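Protein chains: 2
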Amino acid sequence: MTQLLDVRKMNILRAIVDDYILTAAPVGSRTLSKRDDIELSPATIRNEMSDLTELGFLEQPHTSAGRVPSEKAYRLYVSNIMDRARLTDEESEYIRRHLEQRVSEVGDVIRETARMLSGITNYTSVVQSPKMKNARLKHISLIPVTEGTALAVVVTNSGSTSSTMLTVPAGITAQDLDKITHLMNDRMTGYKITDVHRTLLPLLREEIGEQADSVAEMLGGISDDLSKRSVEVVGAANMLDYPEYADVSKAKSFLSEIEKGEIFKEVLPNEDGVEMTIRIGAENDNPELKDCSVITVSYSVGGEQVGSMGVIGPTRMDYSKVVAVLKCMSESLGSVLSKMLKGSESHKELKE
Amino acid sequence: MTQLLDVRKMNILRAIVDDYILTAAPVGSRTLSKRDDIELSPATIRNEMSDLTELGFLEQPHTSAGRVPSEKAYRLYVSNIMDRARLTDEESEYIRRHLEQRVSEVGDVIRETARMLSGITNYTSVVQSPKMKNARLKHISLIPVTEGTALAVVVTNSGSTSSTMLTVPAGITAQDLDKITHLMNDRMTGYKITDVHRTLLPLLREEIGEQADSVAEMLGGISDDLSKRSVEVVGAANMLDYPEYADVSKAKSFLSEIEKGEIFKEVLPNEDGVEMTIRIGAENDNPELKDCSVITVSYSVGGEQVGSMGVIGPTRMDYSKVVAVLKCMSESLGSVLSKMLKGSESHKELKE
DNA sequence: ATTAGCACTCGTTCCTCTTGAGTGCTAACA
DNA sequence: TGTTAGCACTCAAGAGGAACGAGTGCTAAT
């Protein structure tokens, strides 16, 4: 990338963004010239600021106010300017240790992650539970509930359970369900949940004949259901701490959006391989977030991205800190989950 | 109860409360005298208001402002004055129909109840899931997970499932767990979950001898876990619509309290037999709710109170409407749950 | 190229004044 | 004796205006 701005302009822009992130007040030339890292007179700075305004990096609320960074400025700041901080060892140690105290259930770990993320950053956090597509079958029970419906209770190798209501094809009896349950527990444990119904098909044909296909379809519903993932959102009320939301009607519309529960879409996993995404203001698809920035990071177990989490804050958020915290969280969560899920011993692959 | 106030004072008080609930602005004597239901001159009203203030039913924000009802006034209003409205048939029909569309899962019904409750009242709703203490065992699986831990998956006659991580006593093998599972499915279905571990004890003695007691204790953990109940809280952001929360810092402290997730305590079931409770302002245990009123109602299945729900709003809430909506909701939820849970056929009672 | 100097802009703050909704009290009235 | 008209008084809220000051842009000197 070619140098968009000369070094001096960069420095001034950094100083303005840093200051604005801290104070939320328009930054003036005199304030800047007092800083140690800028050795220029106010007048010179004013000239530079005037240029930066023309280039679209700064905005002026009104003639006699200081300058405020534009979204373009944040973009540049985030990609080229800010120092990509790492947390101190104590901080990351603290995070990891807290997370490791919650090793009994995946849900607990996710919740604790969300809580810490919002607690440390003081913004709103969104954490998605890991996808279980690669989970392997450990135990299954098909339990008839009413005429035509059955409950499938699946335990995966990671110890997580899920239960799904299934519609039982006509003609399948409780005895059939029992037979299928035993068949699956005997022959299919260790297979990926998503593969089970296909792999099982030939065996089913032997056991229950012509209804095998409809039963396989029913079992497919289990892996569909398993792909539904929960999302923890914590710290929405934190936003009220920032002058951006001093106006109650703004606060209300933000909080209502959060309560709708579709915010997780903003945190949807990035394309494979992309670790971190920063979306600033209007870059967000959701118009309700046009004054917010959303930073998301994916987390991995065993080298594979299985989920993501994010932080939502005002565009004037502390990008550097949030990036650092998210990195650490992602690593910690990944490693804690790995430990939890490593109870998976027998892996049988589906030969396609 | 003896008549605390004469009829005219009652009328004036009702008018003031009604007006204040509507407008949130202090009510003056002239405003009142313009109302059709009060045929008195402002001066007369002033005299009465002065008396009511002395008696503690009214308060004055400052000398030259109108009067505002005190908590004592709301108390009186709620117990003796307000007309206990019922919903129209269309309204209650609407509620019932909406709820009946969610018959597949208890959790869905609870969530929809909370959503409607907050949607209709425009306050914050809290709905507790029904207690399952009387649920009866339909199916159980004990699945070894790691050395020393097992997962208990329980399906009740109502079709709801729960899974609990149990600590397996030393010396109990996977085979033992299997044996116990079969024993329970063969002999204990239809019993109340809470009774199972006790009733099973003699049978366990036969099967696994001296370890029976520790196993029974482990199984007791299942019913402990089953008594954990989820709570849905919806519409916290609604509070921002009211001038009481125009101050962001108030809004923040309310929302933070909600987010802490302990609000359900305010909705804890009333003593048996009490159907509805109204707690006004300082009557709430939680100091964070001292400017709020909480109305809770219990709901029943088969004549037994199994849960409760409530609405949280400013003390200046529309008591009459909320009471009516809660009554209707309680009945609808009760009847919908009854239908869902009536799948319970075989009941075996524990002979004590 | 930088900076000191200066006139100018404009939001914020702080007064003061006015307005009006409300009161309490007193005296007249039915 | 209860009700009401009248009046002086209070006080929050709003309007208007001066003073302030943080900021700018421009020009001329360094």
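Chains A and B, in that order, are what the protein sequence lines are. For the first sequence, the residue numbers in the working numbering are 1333 to 1684. For the second sequence, the residue numbers in the working numbering are 1333 to 1684. For every residue, glycine included, the Cβ atom is placed at its ideal position computed from N, Cα and C. Owing to the predicted nature of the structure, the values given are computational and were not obtained by experimental measurement.
Burial state of residue i, where buried means 16 or more other Cβ atoms lie within 10 Å
i, result
"Asp1650 of chain B", "buried"
"Leu1390 of chain A", "buried"
"Gln1637 of chain B", "buried"
"Val1606 of chain B", "exposed"
"Glu1371 of chain A", "exposed"
"His1471 of chain A", "buried"
"Pro1393 of chain A", "exposed"
"Glu1386 of chain B", "exposed"
"Val1477 of chain A", "buried"
"Arg1399 of chain B", "buried"
"Ala1569 of chain B", "buried"
"Glu1677 of chain B", "Note on Glu1677 of chain B: pLDDT 42, under 50, position unreliable in the model; no value is reported."
"Lys1524 of chain B", "buried"
"Asn1379 of chain A", "exposed"
"Glu1589 of chain B", "buried"
"Asp1351 of chain B", "buried"
"Ala1583 of chain A", "buried"
Reduced DSSP secondary structure (H/G/I, E/B, other) of residue i
i, result
"Ser1361 of chain B", "helix"
"Met1414 of chain B", "coil"
"Met1464 of chain B", "coil"
"Glu1371 of chain A", "coil"
"Pro1501 of chain B", "coil"
"Lys1622 of chain A", "coil"
"Thr1478 of chain A", "strand"
"Lys1680 of chain B", "At Lys1680 of chain B the pLDDT is 48, less than 50, meaning the model places this residue with poor confidence; the figure from the coordinates comes in the next sentence. Three-state result, Lys1680 of chain B: coil."
"Gln1637 of chain B", "strand"
"Arg1648 of chain A", "coil"
"Ala1356 of chain A", "coil"
"Val1606 of chain A", "coil"
"Lys1671 of chain A", "helix"
"Ser1494 of chain A", "strand"
"Thr1334 of chain B", "Unreliable placement is indicated for Thr1334 of chain B, whose pLDDT of 45 sits below 50; the coordinate value is still reported in the next sentence. Of the three classes helix, strand and coil, the one that applies to Thr1334 of chain B here is coil, per DSSP."
"Lys1470 of chain B", "strand"
"Leu1345 of chain B", "helix"
Beta carbon of residue i nearer than 8 Å to that of residue j
i, j, result
"Gly1639 of chain B", "Ser1461 of chain B", "yes"
"Ile1554 of chain B", "Val1486 of chain B", "yes"
"Thr1526 of chain B", "Lys1465 of chain B", "yes"
"Thr1453 of chain B", "Val1629 of chain B", "no"
"Ser1494 of chain A", "Leu1551 of chain A", "no"
"Leu1288 of chain A", "Leu1535 of chain A", "The requested residue 1288 of chain A does not occur in the structure, where chain A is confined to residues 1333 to 1684."
"Leu1665 of chain B", "Thr1363 of chain B", "no"
"Thr1647 of chain B", "Tyr1455 of chain B", "no"
"Gly1388 of chain A", "Ser1402 of chain A", "yes"
"His1529 of chain B", "Ala1544 of chain B", "no"
"Gly1522 of chain B", "Ser1450 of chain B", "no"
"Val1500 of chain B", "Thr1481 of chain B", "yes"
"Ala1656 of chain A", "Leu1337 of chain A", "no"
"Val1458 of chain A", "Met1641 of chain A", "yes"
"Thr1496 of chain B", "Leu1469 of chain B", "no"
"Lys1341 of chain B", "Leu1408 of chain B", "no"
"Met1672 of chain B", "Ser1490 of chain B", "yes"
"Ile1427 of chain A", "Leu1345 of chain A", "no"
"Val1359 of chain A", "Ile1348 of chain A", "yes"
"Ser1473 of chain A", "Ser1473 of chain B", "yes"
"Ala1397 of chain A", "Pro1575 of chain A", "no"
Per-residue contacts from residue i into chain B (C-beta, under 7 Å)
i, result
"Ile1644 of chain A", "Result: empty, since nearest Cβ-Cβ is about 15 Å, beyond 7 Å."
"Ala1569 of chain A", "Lys1584, Leu1587, Ser1588, Glu1591"
"Ser1436 of chain A", "Met1497"
Contacts that residue i makes with chain A (C-beta to C-beta distance below 9 Å)
i, result
"Ala1578 of chain B", "Val1580"
Listed by chain order, chain A residues near residue i by CB distance under 8 Å
i, result
"Ile1475 of chain B", "Lys1470, His1471, Val1487"
"Asp1573 of chain B", "Lys1584"
Listed by chain order, chain A residues near residue i by CB distance under 7 Å
i, result
"Ser1495 of chain B", "Thr1493"
Under 8 Å by beta carbon: chain B residues contacting residue i
i, result
"Asp1510 of chain A", "Correct list: empty, because the minimum Cβ distance to chain B is about 11 Å."
Distance cut-off 7 Å: residue i Cβ against heavy atoms of the ligand PLP
i, result
"Val1643 of chain B", "Judged by which ligands are present, the structure shown has none, so any question about the ligand PLP falls away."
Would you list, in sequence order, the uninterrupted beta strand (DSSP E) runs of no fewer than 3 residues that lie entirely inside the segment 1519-1604 of chain A?
Whole beta strand (DSSP E) segments, 3+ residues: 1563-1566.
Which runs of the alpha helix (DSSP H), 4 residues or longer, sit entirely within the segment 1373-1450 of chain B?
Taken in chain order, the complete alpha helix (DSSP H) segments of 4 residues or longer contained in the segment 1373-1450 of chain B are 1374-1386, 1403-1408, 1421-1432.
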